[in-house]
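Input: a single structure, listed below in structure tokens.
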Amino acid sequence: MTTRSSENPIEVLLVEDNPADARLTEEILKDSEYAVNFSVVEDGEAAMTYLRRQGEHAYTARPDLVLLDLNLPRKSGQEVLAEMNEDSNLRNIPVMILTGTAAEQSLLFSYNIPPSRFCRKPIDVPRFDAVVGQLDALSERPLVMGTPPAARQAASSGGGRKWWWPFGR
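For the sequence shown, our numbering assigns the number 697 to the initial residue and increments by one for each residue that follows.
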């Protein structure tokens, strides 16, 4: 049983260059069963500055989940993913790729990324909640009140986490 807790919110970073899509995503996620601290950056370079906690983001919380658009100015979503994968401090942050077109979905399929690891915009609450539920099971700190530590440890013992999605198929 999950409990919405404002004392222990999930830190979500949305990387989205379209302000209307960002507002829509934030509004949609208000209906999530989880408490969410929502931060938005508008391009790939700003995403890396945020994730590396540089400049104005020096004291921001590390995100528990990144929602990443692929088509971004200054640095593409693919470049952000590559840099996260190369950085040992960032590679285990889960990323859900947000796609806007069927062509983007085809690209993800060509990289053998299963459909469960990306979402067509606009994001839907049940899918977001399912991702957070899996994320909670693997977290070193409980994201949802009532998740037993043994369940988190058992779920995370599989190892082999990947930069774009740390849980199994």
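We put the beta carbon where it would ideally sit given N, CA and C, even for glycine.
The alpha carbon of E707 has as its nearest neighbour, out of S784, E722, N714, the alpha carbon of E722. As DSSP reads the structure, L710 sits in a beta bridge with V736, L763. Inclusion of V791 and S728 in the CB contact set at 8 Å is not warranted, their separation being larger than that value.
In the structure shown, L794 adopts extended strand secondary structure according to DSSP, grouped into three states. Take F734, set aside five residues on each side of it, and the residues of its chain with a beta-carbon closer than 6 Å to its own are V708, E722, in chain order. Non-local beta-carbon contacts of R823 in its own chain, meaning distances under 8 Å to residues more than five positions away in sequence, involve C815 in chain order. V732 is a Cβ neighbour of L725, given a cutoff of 8 Å. Here Y755 is exposed. Its C-beta has fewer than 16 other C-beta atoms within 10 Å.
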